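For the sequence shown, this note's numbering gives the first residue as 18, with consecutive numbering after it. Here a beta-carbon is modelled for each residue, glycine too, at the ideal position from N, C-alpha and C. Quick caveat, the model's predicted, so the values are computed rather than measured. Right, one structure below, let's go through it.
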Amino acid sequence: MSDNTFRPASMLLAVVGLSLATFMQVLDTTIANVALPTISGNLGVSSEQGTWVITSFAVCNAIALPLTGWMARRFGEVKLFLAAVVLFVLTSFLCGIARSMPELVVFRALQGFFAGPLYPMAQTLLLAIFPSAKRGMALALLAMVTVVAPIIGPIAGGWITDSYSWPWIFFINVPIGIFATLVVWAQLRNKPERIVHQPIDYIGLALLVLGVGLLQVVLDKGNDLDWFESNFICISTAISVVALVALVIWELTDKHPIINLRLFKYRNFTFGTLALVLGYSGFFGINLLLPQWLQTQLGYTPVWAGLAAAPIGILPVFLSPLVGKYAHKVDLRLLAGGSFLVIGASCFVRATFNTEVDYRHIAEIQVFMGLGIALFFMPTTSILLSSLPPKDIADGSGLATFLRVLGGSFASSLTTWLWHRREIFHHAQLTEHVTAYNPTTQHYLDQLGGPSQQAYAQIDRVVEAQAYMLSTVDYFTLMGWIFVGLVLIIWMAKPPFAAKGAPSGGDH
């Protein structure tokens, strides 16, 4: 990646505008989650129907992400970013004034699509306006946004819904988006851009919409519909797999592919993206399971569960700028590998939790894991982009972000499925020992006033809590070993890396 001669009048304002728009978009991926019961009740639909507010956003967001590179070449990076922000703000307002669930689902779908280009375009523009030696700072800023926004989302969503009303979780985007649009337009409107009138790959686009759209629906609805016990899930999965296989074959052979899969010929892009996707998926799954376990098994309220998870964002806020500033002085694989070891260690510590664990201990481990997160995003992203030619940065950023988001969807579904499956396994094992002839059971029944329906119900609740505890231990142990394994993957990449400011060669 070579230096771009264009510099905005105020680098600070340009960074603020790009970061705010990205923060707004990442925040919106989680802010509506805790408001779903309120939204469903207000619009007169079931909680199951209400989940389409999340699914519609995720499906269209996943479709838009891999199209980012093509749209950037066709319309220009700055124009695409500004158009995406304006349309995102407009659809956010429409979501807030929606008066029926079908209306809200349609507007959320559009909002998800327009949100797609924001993160990869912000990344591309930051890399373009920063000098080579300072590009680590640009990536570190986005890393901070990526970590902090999803944590703030549920807390902010719960507070806004309780204090005001659910439409305000969408209206809040309007002033932020307008400010970001004006700032970015003022600072970057004169940036030179090369427009390429590339033919539209209609077949690739159709296969993408069909394959990715159905896959995202399967991942979002699989747990609710009991996975492959549902004909809908089976048929959708089959169609999705066929469409995605056809998409890969078509895109690798088409002269003007809508998704540039040929980027995987670059060694650093391949292993960097693999590490990013698996690492982010693990991070996503951990921060999904922890609040869920705290609420369902330890009796935490949604707000307190969010506050227990939130300390993970403390260290990234302070350390990300330092990592970006000094990362070029060390091998980026050391930073990324160190991050995986820290996150893995935090998982192994969580595997020692029991049902008596207190808030302070949970929060302390979250702070420790935050150290690993602060070292994760910037080095990994620098590695995967390091060997790409400048013209392929938008494609690479969009494709890596798409795979990262898709990995998060897989992690969400698999985490919930695995957690419940292991609970069933442990519940069955524990129940084998809870018999009327077991001295421990007899002693416990005596403490409860002798055998009775209420006493046996209480025993079952204790068994269930222990089964979920053991299932949680299993999950964190598995995640710990996965992160240890990621150290090996990131060391498959080869220097030089972009953060050192040197042009990258064709590292295949």
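Residue i versus residue j: straight-line alpha-carbon distance, rounded
{"i": "residue 349", "j": "residue 55", "result": "45 Å"}
{"i": "residue 317", "j": "residue 188", "result": "29 Å"}
{"i": "residue 49", "j": "residue 186", "result": "7 Å"}
{"i": "residue 377", "j": "residue 324", "result": "11 Å"}
{"i": "residue 76", "j": "residue 449", "result": "43 Å"}
{"i": "residue 489", "j": "residue 427", "result": "18 Å"}
{"i": "residue 245", "j": "residue 239", "result": "8 Å"}
{"i": "residue 384", "j": "residue 328", "result": "5 Å"}
{"i": "residue 51", "j": "residue 343", "result": "38 Å"}
{"i": "residue 85", "j": "residue 235", "result": "23 Å"}
{"i": "residue 253", "j": "residue 424", "result": "19 Å"}
{"i": "residue 493", "j": "residue 167", "result": "20 Å"}
{"i": "residue 173", "j": "residue 286", "result": "35 Å"}
{"i": "residue 59", "j": "residue 398", "result": "42 Å"}
{"i": "residue 346", "j": "residue 352", "result": "11 Å"}
{"i": "residue 404", "j": "residue 274", "result": "20 Å"}
{"i": "residue 104", "j": "residue 157", "result": "27 Å"}
{"i": "residue 511", "j": "residue 400", "result": "9 Å"}
{"i": "residue 164", "j": "residue 247", "result": "35 Å"}
{"i": "residue 284", "j": "residue 442", "result": "41 Å"}
{"i": "residue 117", "j": "residue 63", "result": "13 Å"}
{"i": "residue 495", "j": "residue 480", "result": "23 Å"}
{"i": "residue 212", "j": "residue 506", "result": "36 Å"}
{"i": "residue 88", "j": "residue 97", "result": "7 Å"}
{"i": "residue 28", "j": "residue 203", "result": "11 Å"}
{"i": "residue 335", "j": "residue 478", "result": "42 Å"}
{"i": "residue 215", "j": "residue 122", "result": "32 Å"}
{"i": "residue 382", "j": "residue 30", "result": "35 Å"}
{"i": "residue 301", "j": "residue 430", "result": "11 Å"}
{"i": "residue 61", "j": "residue 249", "result": "25 Å"}
{"i": "residue 45", "j": "residue 402", "result": "26 Å"}
{"i": "residue 90", "j": "residue 363", "result": "42 Å"}
{"i": "residue 19", "j": "residue 182", "result": "Low per-residue confidence applies at residue 19: pLDDT is 43, beneath 50, and the placement is therefore not dependable, though the value from the model is reported in the following sentence. Straight-line Cα distance between these residues: approximately 48 Å."}
For residue j and residue i, believed in contact at Cβ under 8 Å, the rounded distance
{"i": "residue 504", "j": "residue 289", "result": "With a Cβ gap of about 14 Å, residue 504 and residue 289 do not count as contacting."}
{"i": "residue 154", "j": "residue 147", "result": "7 Å"}
{"i": "residue 47", "j": "residue 209", "result": "Their Cβ separation, rounded to whole angstroms, is 36 Å, which puts residue 47 and residue 209 out of contact at 8 Å."}
{"i": "residue 260", "j": "residue 224", "result": "5 Å"}
{"i": "residue 94", "j": "residue 411", "result": "6 Å"}
{"i": "residue 268", "j": "residue 221", "result": "6 Å"}
{"i": "residue 72", "j": "residue 53", "result": "Not really, about 11 Å apart at Cβ, beyond 8 Å."}
{"i": "residue 198", "j": "residue 99", "result": "6 Å"}
Pair within 8 Å by beta-carbon distance, residue i and residue j
{"i": "residue 160", "j": "residue 395", "result": "yes"}
{"i": "residue 422", "j": "residue 78", "result": "yes"}
{"i": "residue 41", "j": "residue 193", "result": "yes"}
{"i": "residue 32", "j": "residue 143", "result": "yes"}
{"i": "residue 390", "j": "residue 333", "result": "yes"}
{"i": "residue 357", "j": "residue 497", "result": "no"}
{"i": "residue 126", "j": "residue 74", "result": "yes"}
{"i": "residue 500", "j": "residue 415", "result": "no"}
{"i": "residue 372", "j": "residue 315", "result": "yes"}
{"i": "residue 128", "j": "residue 109", "result": "yes"}
{"i": "residue 485", "j": "residue 321", "result": "no"}
{"i": "residue 14", "j": "residue 278", "result": "A question about residue 14 goes unanswered here, because the residues of the chain that appear run from 18 up to 525."}
{"i": "residue 447", "j": "residue 475", "result": "no"}
{"i": "residue 393", "j": "residue 296", "result": "yes"}
{"i": "residue 201", "j": "residue 413", "result": "no"}
{"i": "residue 25", "j": "residue 205", "result": "yes"}
{"i": "residue 81", "j": "residue 130", "result": "yes"}
{"i": "residue 102", "j": "residue 135", "result": "yes"}
{"i": "residue 409", "j": "residue 280", "result": "yes"}
{"i": "residue 175", "j": "residue 319", "result": "yes"}
{"i": "residue 36", "j": "residue 162", "result": "yes"}
{"i": "residue 133", "j": "residue 184", "result": "no"}
{"i": "residue 111", "j": "residue 124", "result": "yes"}
Unbroken alpha helix (DSSP H) runs of length 4 or more, entirely within the stretch 272 to 360: which are they? Those alpha helix (DSSP H) runs which fall completely within the stretch 272 to 360 and span 4+ residues are 284 to 314, 319 to 326 and 331 to 343.
Report the start-end ranges of each beta strand (DSSP E) in the stretch 184 to 250 that is 3 residues or longer and not cut off at the edges. The stretch 184 to 250 contains no whole beta strand (DSSP E) run of 3 or more residues.
Ordered list of alpha helix (DSSP H) runs contained in the stretch 379 to 418, each at least 4 residues: Whole alpha helix (DSSP H) segments, 4+ residues: 394 to 402.
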